[in-house]
Structure formats: structure tokens, C-alpha cells
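Q: Pasting a structure below so you can have a look.
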Amino acid sequence: MKKVNFLLPMKGHSERVPNKNLKLFNKRPLYHSVMRELLKSKFINKVYVNTDSEKIAEDIYENFSDVEIIYRPKNLQGDFVSMNKIIEYDLSQIEGDIFLQTHSTNPLLKVNTIDSAIDFFINKKHNYDSVFSVTKWQTRFYWEDGKPVNHNPEELLRTQDLPPIFEENSNFYIFTKKSFANTQKRIGKNPFMFSMSPIEAVDIDTEFNFKMAEHIYKTLNDQL
Numbered sequence: 006m007k008k009v010n011f012l013l014p015m016k017g018h019s020e021r022v023p024n025k026n027l028k029l030f031n032k033r034p035l036y037h038s039v040m041r042e043l044l045k046s047k048f049i050n051k052v053y054v055n056t057d058s059e060k061i062a063e064d065i066y067e068n069f070s071d072v073e074i075i076y077r078p079k080n081l082q083g084d085f086v087s088m089n090k091i092i093e094y095d096l097s098q099i100e101g102d103i104f105l106q107t108h109s110t111n112p113l114l115k116v117n118t119i120d121s122a123i124d125f126f127i128n129k130k131h132n133y134d135s136v137f138s139v140t141k142w143q144t145r146f147y148w149e150d151g152k153p154v155n156h157n158p159e160e161l162l163r164t165q166d167l168p169p170i171f172e173e174n175s176n177f178y179i180f181t182k183k184s185f186a187n188t189q190k191r192i193g194k195n196p197f198m199f200s201m202s203p204i205e206a207v208d209i210d211t212e213f214n215f216k217m218a219e220h221i222y223k224t225l226n227d228q229l
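With the sequence shown counted from 1, adding 5 to any position gets you the working numbering.
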């Protein structure tokens, strides 16, 4: 079975949710939720955390001793650095072929989804050079000027009959060193869109997102 290196970037500073990665989520730091799922994967080779935070590094050392830390250089620190630049640096430090990059802000992401996407990529690799997660929407969208995006208001089709639109939800990206080198991006020239549940794809960007995700997480786990 082919093994995959997992990349989990985390910076210390966050604007809208202060100290987001270490903020307690169901009694543990937020990033623990994704980390625990990654470490369950049958494809895992190693998890690498790229960070500029000593506090995050200390928490990793205390709780996830098998995880390797890549300290972010000064020229890649800040709120406006492209994630592709950070991945480029990570790949320069790591041996391996297949990589999965995810975010700590997707605490509802499950290992079954991760492994299904990796399995798809490995078995269909001759057709696709990368995979990225998306959320499928079939509803009536409009541009800012009021013009319809994916429907004709005169026809008023049922929403389930509308052409779907796919949102890049940033839950995960799968790629190889070769595909990244060809584009300098985590999405290659011939990517596959891997559709996943909107609930599982919840992303934490605000305090409201945080509270909503935590409520969903607790509700789902109470039912297990």
C-alpha cells in the first residue's frame, strides 16, 4: 500500500478568532480534532506541521510525539502569505511522492473521507494529477448585480434539477511533488473534484463558525 505524507499548516496569529488553533474545542485545542483523524488513516506515512508558533509546537510535542514540526522561516510568516508558498517550502524539506494538505479549521472532517479520497487518487492517478475537496450545491445563485448564475428565473426549475455548482471548501488537497512542480500549486493541471458532505466540510473562520462547529461535533458524537 502506498503511503502519504500529511501536511497540516498552523500559524500562531489569527484575526477573527484569536489563538484559534489552540482555542478549546470540545475541551481540547481545536487542531486536535483534525490531527486525531489524520493519525487514524491507513495511508499515513508521517504528519508534518508547518508553524511559526512555539506554543503550537509545545502542544504538539506534548500530545503527538510522532508528528514532525517544520518551523516556518521569517519570509513565509504573516497573514498574507500564499499557502502554495508554504507547501513549496514543505516539499523542499520532505522526501516522498504523494501528499495530502488539510487545515486545522475543519474539525468535522472524518478519516473515512480522507482515506476514500486518497484511495481514489491512487487508483485513478493515470487520469488525475491531483484531488481537491468540494461541496456540491444545487440552489439558485445570483451575481452581485442580481443576474442569475445557474438558472433562468423565467423557468423556475426545481432546485434538484438545476446544474450543480461546486465550492472549493479547502478541507483537503492531494497532489504529488511532480504535479506541484508543474504548476507551483496544490491543484494540478488535471484535478478531480471530490464531493463531500456540507456538514463535514464546515470551516471555522469566525466565532460563530466555531460555536456552530462545536455544537455539531458534540451532537454527532453524542449519537455514536
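Note that the Cβ used here is the ideal one computed from N, Cα and C, for glycine as well. Quantities reported herein were computed from a predicted structural model and do not represent experimental measurements.
In terms of alpha-carbon separation, which member of Gln189, Asn89, Lys47 lies closest to Ser175?
A: Nearest option by C-alpha distance: Asn89.
Q: Look up Leu12 in the DSSP assignment and give the residues it is bridged to.
A: Tyr53, Gln106
Q: Report all residues from its chain with a CB closer than 6 Å to the CB of Thr140; omit the five preceding and five following residues, and keep chain order.
A: Glu172, Asn174, Pro203, Ala206
Q: Out of Lys194, Leu27, Ala122, which one is the CA nearest neighbour of Ile65?
A: Leu27
Q: For my contact list, Glu42 and Ile103 are in at a C-beta cut-off of 8 Å; report their separation, rounded to the angstrom.
A: Contact between Glu42 and Ile103 fails: their C-beta atoms lie close to 18 Å from each other, not under 8 Å.
Q: What are the boundary residues of the alpha helix (DSSP H) that includes Ile74?
A: Counting along the chain, Ile74 falls outside any alpha helix (DSSP H), though it belongs to the beta strand (DSSP E) covering 73-76.
Q: At the level of alpha carbons, what is the spacing between Ile209 and Met198?
A: 21 Å
Q: Could you pull out every residue in the same chain whose Cβ sits closer than 8 Å to the Cβ of Thr224, ignoring the five residues on either side in sequence?
A: none
Q: Please state the DSSP three-state secondary structure of Leu44.
A: coil
Q: Where does Asp166 sit, in a helix, a strand or coil, going by DSSP?
A: helix
Q: Per DSSP, which one or two residues make a beta bridge with Tyr147?
A: Pro153
Q: Hey, could you find the ends of the beta strand (DSSP E) Ser200 is sitting in?
A: 196-200
Q: Quick test of your reading: Phe85 and Val52, contact by CB under 8 Å. State the CB separation rounded to the nearest angstrom.
A: Not a contact, Cβ separation roughly 26 Å.
Q: DSSP three-state label for Asn187, please.
A: helix
Q: When you compare only the Cα positions, how much space is there between Phe30 and Glu219?
A: A direct Cα-to-Cα measurement between Phe30 and Glu219 gives close to 6 Å.
Q: Between the Cα of Gln143 and those of Lys16, Ser200, Ile170, spot the shortest distance and give me the residue it belongs to.
A: Ile170
Q: In chain order, what residues of the same chain have a beta carbon less than 6 Å from the beta carbon of Val136, not counting five sequence neighbours either side?
A: Ala122, Phe126, Ile179, Phe197, Phe199
Q: Please go through the same chain and pick out, in chain order, the residues whose beta-carbon is closer than 7 Å to the beta-carbon of Phe213, but skip the five residues on each side of it.
A: none
Q: Would you kindly work out how many angstroms separate the C-alpha atoms of Ser38 and Val116, rounded to a whole number?
A: 11 Å
Q: My guess is that Phe69 and Lys8 are in contact by the Cβ rule of under 8 Å, so how many angstroms apart are they, rounded?
A: So it is not a contact: roughly 18 Å between Cβ atoms.
Q: DSSP has Ile61 in a bridge; who is on the other side?
A: Note: Ile61 sits in no beta bridge, so no partner.
Q: Return yes when at least one heavy atom of the ligand ADP lies under 8 Å from the C-beta of Ser87, else no.
A: Absent from the structure shown: the ligand ADP. Ligands present: none.
Q: Please name the residue, chosen from Thr181, Pro153, Phe185, Arg145, that lies closest to Asp166 on a Cα-to-Cα basis.
A: Arg145
Q: Below 8 Å on the Cβ atoms is my contact criterion, and I expect Lys194 with Leu96 to pass it. Report the Cβ-Cβ distance as a whole number of Å.
A: Rounded, the Cβ-Cβ distance is 17 Å, inconsistent with contact.
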